[in-house]
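Participant: Could you have a look at this structure, given as structure tokens, before my questions?
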Amino acid sequence: MDIISAMQQRKSTRAYLAKEVSRRDIEEILSCAVLAPSAINLQPWEFIVTYGDEKERLVRRLLKARLERQVKCGPGTDNPLPERISLRAKEAMAIMEPHISASGQTFNQFIEEGSCSFYGAPVAIIVVIDKLFPAIRYLDVGLAVSYLLLAAHAKGLATCPIGLIAAYNDDISQMLNISEEKEILLGISLGYADENSPVNAFRTRRADLKEIVTWYE
Ligand SMILES: Cc1cc2nc3c(=O)[nH]c(=O)nc-3n(C[C@H](O)[C@H](O)[C@H](O)COP(=O)(O)O)c2cc1C
């Protein structure tokens, strides 16, 4: 698959088949992720991969933590966003909502519970960075995550980046022996998409280039 097609086709997947992903495939995908560029080749990313019983244990812990703390999905800031930006989220929710309500859950319940269970994917990857790095290095990690998502897609696998789980960083760190020196940035679900699930039957849109690009000539 060429890279442009992978970019055009990739989307976040929120229902998975109960089909294992081979360790070899996971390793190949991670080997592609680390090909991402980084400032002076620091490669500040680290990945913790859980599958099988360990992933189930992690999910149980996250679902328990969710019941106790009920972290809501949101933009990760209390600052009011300009309307043209918040409308993008509203539009995405409006696209997702009818597909999700078909599953009998409310939007928030589906996203918050689904995120904590990695949407039933067989593999859950936790992306961390050493806290000694400044926030600007998160950018490098984001590039590696993009590579990971695209490599997975090119191999016929599906993913969903899951930022919500970072709110449960204490639980995750304790479960997976992640040192206090590491910041948990993101979870990623990885598996084979359940193409028949209504929750995978939509695609989000993007703002028009003229909204976000300034040209000088
Ligand atoms: C940093 C980041 C965090 C995200 N967190 C979540 C999450 O917690 N739960 C979820 O269901 N989707 C999450 N997503 C997926 C976004 O909702 C999704 O990427 C966006 O709606 C665009 O849709 P697409 O990925 O299908 O193109 C996250 C995506 C990114 C990049």
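Under my numbering, the first residue of the sequence shown carries the number 6, and numbering increases by one thereafter.
Even for Gly, the Cβ is constructed at its ideal location relative to N, Cα and C.
1. Determine which residues share a DSSP beta bridge with S17 and list them.
2. Restricting to Cα atoms, I'd like to know which of Q13, V128, Q48 is closest to E61.
3. Going by CA-CA distance only, name the one from A20, Y173, F112, L155 that's closest to I34.
4. Do C121 and R74 have their CB atoms nearer than 8 Å?
5. May I ask which residues mark the beginning and end of the alpha helix (DSSP H) holding I131?
6. What are the start and end residues of the beta strand (DSSP E) that includes S194?
7. For a minimum of 3 consecutive residues, which ranges assigned as the beta strand (DSSP E) are wholly contained in the region 49-77?
8. Run through DSSP, which three-state label would G147 get?
9. N205: buried (16+ other C-beta within 10 angstroms of its C-beta) or exposed?
10. From the DSSP output, in three-state form, read off A4 for me.
Facilitator: Taking the definition as stated:
1. Here residue 17 refers to the residue found at position 12 when the sequence shown is read from its first residue. Note: S17 sits in a beta bridge opposite T164.
2. Within the sequence shown, numbered from 1, the residue matching residue 61 stands at position 56. Answer by Cα proximity: V128.
3. Counting from one through the sequence shown, the residue named residue 34 turns up at place 29. Closest by alpha carbon: L155.
4. On the sequence shown, position 116 is the one that residue 121 refers to. On the sequence shown, position 69 is the one that residue 74 refers to. Against a cut-off of 8 Å, the Cβ pair of R74 and C121 comes out as no contact.
5. Walking along the sequence shown from the start, residue 131 turns up at place 126. That residue, I131, is in no alpha helix (DSSP H); its beta strand (DSSP E) goes 128-135.
6. Position 189 of the sequence shown, counting from 1, holds the residue named residue 194. Segment 187-196, the beta strand (DSSP E) holding S194.
7. The qualifying runs are 50-56.
8. The residue labelled residue 147 in the question sits at position 142 within the sequence shown. Reduced to three states, the DSSP call for G147 is helix.
9. Your numbering for residue 205 matches position 200 in the sequence shown. The residue is buried, with at least 16 neighbouring Cβ atoms inside 10 Å.
10. This structure gives no information on residue 4, because the portion of the chain shown stretches from 6 to 222.
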